[in-house]
Amino acid sequence: MAESPETTRAPDINEKFIEACESGDLNTVNFIIQNIKDFNIEVTDNLGRTALRLAVENEHLEVVQALLAKSDSQKIRDALLLAIFMGFTNIAEAIMKHPKYKILNEKKILNGDTDSFWQTPSSDDAQFSPDITPIMLASQFNRTEI
């Protein structure tokens with residue numbers, strides 16, 4: 001039985017999106033985000049890595065910035081910690097200056113809950129312990145610029 005275009009479309013788009021994030025193809029990333037209705041940017045590659053994580057790992061600042069607005073808080077946390085771990089100061093700074101990061105942080109502070117953003121339960125694909133903060137990781141690796 002031949003597959004219909006609808007059943008093959010999602011994996012093809014997901015794969016193209018992951019490849020674009022990994023290679024830094026900002027035009028393709030933006031095209032998919034803007035033109036594919038209800039596209040889930042939290043798709044993962046066959047190793048379980050998210051598009052945001054791949055963009056950070058490969059130091060694609062513009063792609064990271066494009067993904068931040070649509071990423072969930074756990075993915076933003078992991079992306080920031082990964083950028084600090086890898087020494088990508090420009091990406092870490094971009095994440096910390098991004099409006100979504102600031103809003104997430106401010107909501108926690110207004111609620112008197114200053115630690116839970118960094119101590120949220122870890123997802124299965126999280127690389128870092130749920131109790132580590134950006135300052136702890138930066139100091140552990142002597143990333144004084146962060």
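full-length UniProt numbering applies: residue 1 is where the sequence shown begins, and numbers increase by one. Note that the Cβ used here is the ideal one computed from N, Cα and C, for glycine as well.
For Leu61, the CB contacts under 7 Å within the same chain, skipping 5 residues up- and downstream, are Asn90, Ile91 and Ala94 in chain order.
In this structure, the straight-line span from the alpha carbon of Lys100 to that of Leu68 is close to 7 Å.
In the displayed model, Thr89 falls within a helix according to three-state DSSP.
Rounded to the nearest whole angstrom, the CA to CA distance from Leu47 to Glu59 is 19 Å. Annotated three-state conformation of Thr44 is strand, per DSSP. Restricting attention to Val63, Gly87, Met86 and Leu52, the CA atom closest to the CA of Ile76 is found in Leu52. The three-state reading of DSSP puts Thr50 in strand, counting E and B together. The criterion of a C-beta distance shorter than 8 Å is satisfied by Phe85 and Leu137.
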